[in-house]
Ligand code: GDP
Ligand code: IMO
Ligand code: MG
């Protein structure tokens, strides 16, 4: 029997709780695979009270005897990857087998410098608020066909040739445009060779490994990073990341055909957050937003920045359902809404006096969008101990069922706390 592929995707602006959903579903998965993004991601997993934050490693690394893949669509900062791996090894927790696609691109030291230099040149009002992890510049090089791939780190001659060309150009940019210092070829070359040595044993063919596993009846989970509204094509451009977090990105970023994905699970936070700049129609900058930030611990897992907070946005969610082909929802952080007398839900936008039921394209309309709210009754009960759907208070169930009915997608998983077991599975 052929195995199944399920894709976990962020339905909002990232940090929906993708890492914890992957972890909570882990026992039924054989292969965990990251397909895009890089160390801009921060995926938090809490097991037996211990917190792990994964930036590049898939969130399945804690599961013994499983396989974790970093696909060709990911951009890899080797220092970050090797540090993450070493930290897990020191704790004896690097339990899964790791495979890194040779075709994945490398985030080089100049990418990080350029990312930061470009952000500061953009100045106030134009900043994207990137994580400074070199993501944009690394994808620029990939698409302009001068990028260095993981497999290039394994061959000193190829590496030398590619690095010479790149450094010549990047040093010009760093010094002449941004007024910085040039990087030394010898230092970067030496470091790159060391990275190649350390990563070499993990390099493999991700697409082939997945195909063979499926033929053996094994189950594969794609782990998206970021979220739909940060997608380079479908997000709130230019306030986006430089990859395709949507489900289709999984096929490109791992070398799998589009018909092979059996289920797309959208991870939806019970309210909304965003880090960095850009439109956020339901943002609440008042006391309610502050309360969501405090109750939800909404501070970035990668940069520590406070996350902007606001209410659930059904216009954006309907859009995320459409562009991902979402067939299932994992609703996280429902427990964080405990204690609110009423819960606002945005059902449409008004912009220039015109009603929008569908997420508008273009940042100027998105910025003008005034959310039209309905209010749902809140609840006072603590949800963190609930393990069955029937244990949730009636108002919480009404909230879940309202979401299902409005977007026409079942909520099959509910997060009632950050721990692996604080999960309600419902007709999963
Ligand atoms: P990701 O990037 O989508 O994996 O999400 P992050 O890890 O960046 O942010 C999600 C945060 O919410 C983390 O601190 C998680 O531990 C926490 N979290 C996830 N699910 C739940 C939940 O159901 N309830 C609560 N209270 N916290 C959660
Ligand atoms: P996870 O996987 C939330 C945001 C940044 C910035 C924009 C571009 O943990 O959900 P980049 O460094 O990618 O060029 O920054 O995207 N961003 C994220 N926001 N969660 C993430 O990842 C993010 N990765 C990038 O804040 O606004
Ligand atoms: Mg995160």
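In our numbering, the protein residues as written are 17 to 444.
Every residue gets a Cβ at the ideal spot worked out from N, C-alpha and C, and that includes glycine.
Q) By DSSP, does residue 115 sit in helix, in strand, or in coil? A) Counting from 1 along the chain shown, the entry for residue 115 is found at position 99. Looking at residue 115 - three-state DSSP - the assignment turns out to be strand.
Q. How many Å lie between residue 116 and residue 75 at the Cα?
A. Walking along the chain shown from the start, residue 116 turns up at place 100. Walking along the chain shown from the start, residue 75 turns up at place 59. One C-alpha to the other measures close to 14 angstroms.
Q: Figure out for me which residue from 220, 121, 133, 136 has the closest Cα to the Cα of residue 154.
A: As a position in the chain shown, residue 154 is number 138, starting the count at 1. Checked all of 220, 121, 133, 136; the closest Cα to residue 154 is 121.
Q | For residue 50 and residue 261, the rounded distance between their alpha carbons | A | Along the chain shown, read from residue 1 onward, the residue named residue 261 stands at position 245. Along the chain shown, read from residue 1 onward, the residue named residue 50 stands at position 34. Rounded to whole angstroms, residue 261 to residue 50 spans 10 angstroms at the Cα level.
Q. Within the present structure, is the beta-carbon of residue 343 separated from the nearest heavy atom of the ligand IMO by less than 7 angstroms?
A. Taking the first residue of the chain shown as position 1, residue 343 is located at position 327. Residue 343: no, Cβ never under 7 angstroms from the ligand IMO.
(Q) Judging by CA-CA distance, which residue of 227, 405, 291 is the nearest neighbour of residue 443? (A) Within the chain shown, residue 443 is the residue found at index 427, counting from 1. The shortest C-alpha separation from residue 443 is found at 405.
Q.
Taking 8 angstroms as the threshold (C-beta atoms), are residue 253 and residue 156 in contact?
A. Position 140 of the chain shown holds residue 156. Position 237 of the chain shown holds residue 253. Not closer than 8 angstroms, so no.
Q: Would you grab the beta carbon distance between residue 205 and residue 179 for me? Rounded to a whole angstrom, and I think it's under 8 angstroms.
A: Indexing the chain shown from 1 puts residue 205 at position 189. Indexing the chain shown from 1 puts residue 179 at position 163. Going by Cβ atoms, the distance from residue 205 to residue 179 rounds to 6 angstroms, so yes, they are a contact pair.
Q: Taking all protein chains shown into account, decide if residue 297 is buried (16 or more other Cβ within 10 angstroms of its Cβ) or exposed.
A: Here residue 297 is taken as the residue at index 281 of the chain shown, counted from 1. Burial call: buried.
Q) Which residues mark the beginning and the end of the beta strand (DSSP E) in which residue 439 is found? A) Along the chain shown, one-based indexing puts residue 439 at 423. 439 to 441 is the span of the beta strand (DSSP E), which, as asked, contains residue 439.
Q | Inter-residue Cα distance where the pair is residue 365 and residue 323 | A | Mapped onto the chain shown, residue 365 falls at position 349. Mapped onto the chain shown, residue 323 falls at position 307. Roughly 22 angstroms separates the two Cα atoms.
Q: Could you please give me the residues that DSSP links to residue 388 through a beta bridge?
A: Your numbering for residue 388 matches position 372 in the chain shown. Its beta-bridge partners are 364.
**Q.** Counted within 10 angstroms of its Cβ, other Cβ atoms place residue 159 as buried (16 or more) or exposed
**A.** On the chain shown, position 143 is the one that residue 159 refers to. Burial call: exposed.
Q. So residue 84 and residue 112 are in contact, right, with Cβ under 8 angstroms, and what is the actual spacing, rounded?
A. As a working mapping, residue 84 is identified with position 68 in the chain shown. As a working mapping, residue 112 is identified with position 96 in the chain shown. About 4 angstroms; that satisfies the 8 angstroms criterion.
Q) Straight-line CA distance for residue 257 to residue 36? A) One-based indexing of the chain shown puts residue 257 at position 241. One-based indexing of the chain shown puts residue 36 at position 20. Taking the straight line joining both Cα atoms gives about 22 angstroms.
Q. Taking the alpha carbon of residue 168 as the point to measure from, which residue in 46, 210, 316 has its own alpha carbon closest?
A. To locate residue 168, count along the chain shown from 1; it is residue 152. The option with the nearest alpha carbon to residue 168 is 210.
Q: May I have the straight-line CA-CA distance separating residue 363 from residue 331, to the nearest angstrom?
A: Within the chain shown, residue 363 is the residue found at index 347, counting from 1. Within the chain shown, residue 331 is the residue found at index 315, counting from 1. In a straight line, the C-alpha of residue 363 is about 6 angstroms away from that of residue 331.
(Q) Determine whether the beta carbon atoms of residue 388 and residue 259 lie at a separation below 8 angstroms. (A) For the purposes of this step, residue 388 is identified with residue 372 of the chain shown, where counting begins at 1. For the purposes of this step, residue 259 is identified with residue 243 of the chain shown, where counting begins at 1. Not a contact, by the Cβ cut-off of 8 angstroms.
Q: Output the boundary residues of the beta strand (DSSP E) element that contains residue 68.
A: Against the chain shown, residue 68 aligns to sequence position 52. It spans 66 to 70 - the beta strand (DSSP E) in which residue 68 sits, taken as one unbroken run.
(Q) Quick check: what's the CA-CA separation for residue 295 versus residue 69? (A) By one-based count along the chain shown, residue 295 stands at place 279. By one-based count along the chain shown, residue 69 stands at place 53. Their backbone Cα atoms lie some 27 angstroms apart in a straight line.
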